[in-house]
Amino acid sequence: MKKLFLLSLLFVTTITLGQNIVSVQYRYVASDDVAEFEALETEYWSKVKQNAVDNGNMLTAAFFRVYGPTDDETKPTHAFVLVFESFEQYENQMKIWNETEQILGVNPAVVSTNDISKTLYNDTYQSVAELPMGEFKYAVWNLAKPKDFNGFVNENLNLWMPYFKKNLGKEGARTGWGILARVHPKGMDESSIITYDHYKDLSSALKSLSPVGIAENKEINEILSKSKMKNYDPDGFRYTNIWELIELINSPQ
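So that you can map any letter, position 19 of the sequence shown is 197 in my numbering, and since no number is skipped, the others follow by simple counting.
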């Protein structure tokens with residue numbers, strides 16, 4: 179398997195608001211096919227994505243595997259994230275796959291992963307806000323469908339984001355954070371928002387999800403005392419999962 183790589187990312191102080199378009203494709207891969215699937219994606223198809231970034235057809239690409247094995251074919255084991263700078267660039271994303279055979283150096287059918295994976299669904303989001311991305315290996319994705327979208331977003335921006343920014347990159351703390359708003363598809367069953375947190379290691383990601391010790395954190399308690407999230411999102415996060423980063427091509431910031 180091609181050696182996995184992570185780009186060293188420098189911190190910047192700016193906060194991005196409402197710009198990038200994010201496409202997420204979820205796939206299921208049987209455990210017996212995971213090694214081959216990941217090898218083909220990193221050895222061959224990453225070249226196509228890198229070429230698209232180099233040619234200005236998208237901003238970045240990330241390849242994830244879910245933390246913890248699953249044999250449930252209705253649940254994803256892997257996710258592909260493509261980041262575009264605008265809806266127009268997103269609309270023209272087929273340019274990514276132009277001249278694929280020339281880029282790969284082999285017949286694309288020979289290295290295709292379609293036969294050993296099942297595409298479950300494709301989601302499109304727009305970035306609402308994000309803090310600078312530092313080096314990370316794990317991402318926590320929190321899916322929500324708040325009753326009051328604007329209230330949910332404003333509280334995250336005004337209460338939680340300053341706290342996250344203050345502690346960004348500290349030992350065991352987040353190295354990145356952001357909010358994505360669903361653009362398509364929409365419906366009764368879909369979440370309307372994803373918040374994500376990046377961490378350098380698995381233990382930090384797991385600790386962030388543990389309810390133990392929260393009561394001892396005075397700063398968090400102070401934020402919670404001001405929170406109106408029970409009104410904005412009474413059901414809380416509908417689903418939370420940890421994703422391990424396999425490959426990152428470029429940075430969206």
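A virtual CB, placed ideally from N, CA and C, is assigned to each residue, including glycine.
Because the structure is a prediction, the values reported are computed rather than measured.
Its chain contains L321 as the residues whose beta carbon lies nearer than 6 Å to that of Y417, once the 5 sequence neighbours on both sides are disregarded; these appear in chain order. Of the residues H256, Q197 and G329, the one whose Cα lies closest to the Cα of P412 is G329.
Proximity to K253 across A287, A307, Q280 and Q203 peaks at Q203, based on C-alpha coordinates. Distance check between Y245 and each of K348, E263, S381 and P363 places S381 closest, using alpha-carbon atoms only.
A direct Cα-Cα distance of roughly 9 Å separates W355 from L346. The shortest CA-to-CA distance from A351 to any of I274, G234, E422 and V318 is the one to V318. If you look at D375, you'll find it isn't in any alpha helix (DSSP H); it sits in the beta strand (DSSP E) that goes I371 to Y377. In this structure, the alpha-carbon of P324 lies about 8 Å from that of I371.
Excluding residues up to 5 positions away in sequence, I199 lie with their Cβ nearer than 7 Å to the Cβ of S264 in the same chain.
Here F258 is not near M236, since their CB atoms are 7 Å or more apart.
Membership of F241 in the beta strand (DSSP E) is indicated by the continuous run T238 to V244. Straight across, the Cα-Cα distance linking N395 with L298 is about 39 Å. In this structure, T373 keeps its C-beta atom at 7 Å or more from the C-beta atom of I398. Linking A383 to F415 through their CA atoms gives a straight-line distance of about 16 Å. Secondary-structure assignment with DSSP links S201 through a beta bridge to L260 and T302. Separation of the CB atoms of N428 and T220 is rounded to 15 Å, and the pair is thereby denied contact status at 8 Å. In this chain, the alpha helix (DSSP H) harbouring E214 covers V212 to L218. Excluding its 5 nearest sequence neighbours in each direction, V361 has C-beta neighbours in its own chain below 7 Å: T302, Y303 and Q304, listed in chain order.
Selection H256, V284, Y410 and K348 evaluated against Y377 yields K348 as nearest (Cα-Cα). In the DSSP assignment, Y341 falls within the alpha helix (DSSP H) that extends over M339 to N345. Assignment of T418 by DSSP, reduced to helix, strand and coil, places it in the strand class.
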